Amino acid sequence: MKNNLGNYTHQVENPDKFTRFDLTEGNCWFEEKISEWFREIKITDTIHYPDEKIISVKKLLSRWLHVKQDNIAIGNGSDELIEMIPNIFINKRSTVLTVAPSFFRFIESSERAGAEIVTVKLDKDSRFEWGNLTIKNFLKKAKDKKIKLIWLTSPNNPTGTEVPKQILLEIIKLGKIVVIDKVLNGFTKELREISQLIWDNPNLIVLSSFSKTFGLPGLRFGFAISSHDKIDLLEKRRLPFNVAGPSLFVVKKLLQSLLAGEIKMEGALTFFQERIFLEKEIQKLKNIKLASNSKTNFVLLQPVGRLNLFKKLVEKNILVTDLNQTIGIKNKNFVRVTLRDRQNNQILLKILKEIDNHFH
């Protein structure tokens with residue numbers, strides 16, 4: 001672990017020697033097209049700065065999202081935008097609010113900007129859903145004058161649970177800067193729906209990327225949708241040429257294919273079937289439990305008792321995400337498991353059954 005915030009990006013020295021279920025990489029259902037597009041990349045995409053490519057990609061993105069170009073900022077993945085936001089919109093010693101557990105990068109970037117962090121705990125006994133007590137506590141904290149920035153992600157990472165729409169609207173209406181991360185649900189319909197809220201709520205910033213929905217994390221392409229003044233501040237502070245030319249070439253091809261109807265979003269939904277399959281099989285285990293009702297491409301597991309499930313799986317050459325340092329669920333032996341194809345998911349299930357049968 002890099003720190004005590006729960007940074008789980010580098011858990012072992014040789015991750016590629018394992019069967020990997022540790023990073024929330026989505027499923028790319030059009031790999032042949034991606035390969036074809038990469039073969040089309042010209043040397044000019046590498047030896048020149050990508051000024052015009054960023055502009056043309058933003059035009060296509062605005063058409064796909066049904067928002068104006070002035071309402072979009074492009075980042076090197078959503079990570080770059082998460083790093084920028086607290087540095088732009090809050091001062092040192094400002095206070096930010098989020099839930100726990102949630103994506104470690106929210107707290108990490110806010111602390112680097114000098115902010116104090118307030119968290120409202122999601123109840124593990126309620127499977128990390130937004131129950132009445134969580135809602136009451138969060139709204140009370142959010143109304144505090146000290147709170148300047150609110151981070152939310154829906155579906156949440158690592159629980160996979162969603163913020164109820166009505167509660168999200170109540171939080172936004174408080175007028176604080178609210179960042180809602182939709183990276184784990186970047187489907188067109190959902191993105192367009194929440195993006196429409198920016199017209200009446202200039203305090204809202206919506207984040208997404210092509211990492212999860214399209215299974216293309218290696219492109220490092222993310223974006224923010226917000227009011228013109230918020231986007232203007234982000235654009236002024238972002239590094240020039242922050243996304244590489246070859247990545248922008250592929251993103252442009254992807255957006256053109258989506259707009260032309262050549263790539264259908266339904267292909268992204270195959271993970272639903274795998275999650276249902278995996279959940280049904282895990283429910284048969286006696287000592288390893290599903291810990292939340294995930295709405296996305298991973299499941300949250302917790303063993304009964306004090307077994308360190310992460311270490312047991314590593315011994316069997318299975319790499320999942322260890323959440324023992326994650327704020328809100330520290331030292332509870334939770335692990336996050338990203339869905340893969342049926343063959344790999346069956347390998348995982350076989351090992352989980354072995355651990356369950358020899359549980360002590």
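Mapping of the sequence shown onto the UniProt record's numbering: position 275 corresponds to residue 275, and the numbering continues sequentially without gaps. For every residue, glycine included, the Cβ atom is placed at its ideal position computed from N, Cα and C. Computed from a predicted structure; not experimentally measured.
Asked	Found
DSSP three-state assignment for D322, whether helix, strand or coil	strand
Contacting residues, own chain, Cβ-Cβ under 6 Å from I282 (five flanking each side not counted)	L290
CB of T213 within 8 Å of CB of A142, strictly	no
Cβ pair S226, V206 closer than 8 Å	yes
Inter-residue spacing [alpha-carbon to alpha-carbon] between T159 and R237	32 Å
Span of the alpha helix (DSSP H), counted from its first residue to its last, around R340	No alpha helix (DSSP H) contains R340, which DSSP labels as neither H nor E.
6 Å CB neighbourhood of I355 in its chain, flanking five on each side removed	K312
Alpha carbon of residue 383 to alpha carbon of N345, nearest angstrom	Absent from the model: residue 383. The displayed extent of the chain is 1 to 360, so no value can be given.
CB-CB length for L184 against P217, believed under 8 Å	Contact doesn't hold; Cβ gap of about 12 Å is too wide.
C-alpha gap between D45 and L191, whole angstroms	29 Å
Sub-8 Å separation of V99 and I117 beta-carbons	no
Option nearest F106 by Cα separation, candidates K136, T338, K42, E83	E83
Spatially closest choice to S209 from I347, L60, F18, I74, by CA coordinates	I74
Cα-Cα separation between L169 and L139, rounded to whole angstroms	11 Å
Residues bridged to F221 [DSSP beta-bridge criterion]	N76
Same chain only: Cβ atoms within 8 Å of N333, ignoring 5 sequence neighbours per side	Q302, P303, R306, L307, N308, L309, F310, N324
Inter-residue CB distance, L122 and G328 (contact presumed, cutoff 8 Å)	7 Å
Local conformation of M1 per DSSP, three classes	Residue placement at M1 is flagged as unreliable, the pLDDT there being 32, under the threshold of 50; a coordinate-derived value is accordingly withheld.
Pair within 8 Å by beta-carbon distance, V250 and F30	no
Per DSSP, the bridge partner or partners of W151	V179
Distance cut-off 7 Å: N324 Cβ against heavy atoms of the ligand NAD	For the ligand NAD, the structure offers nothing, since it holds no ligand at all.
Environment of F272 [buried if 16+ CB atoms lie within 10 Å]	exposed
For T19 and W199, the rounded distance between their alpha carbons	45 Å
Cβ neighbours of V314 in the same chain (closer than 8 Å, five flanking residues each side left out)	V12, F18
Euclidean distance between Cα positions of L219 and H48	18 Å
K58 and I43 closer than 8 Å at C-beta	no
Between the CA atoms of L339 and C28 - distance to the nearest angstrom	13 Å
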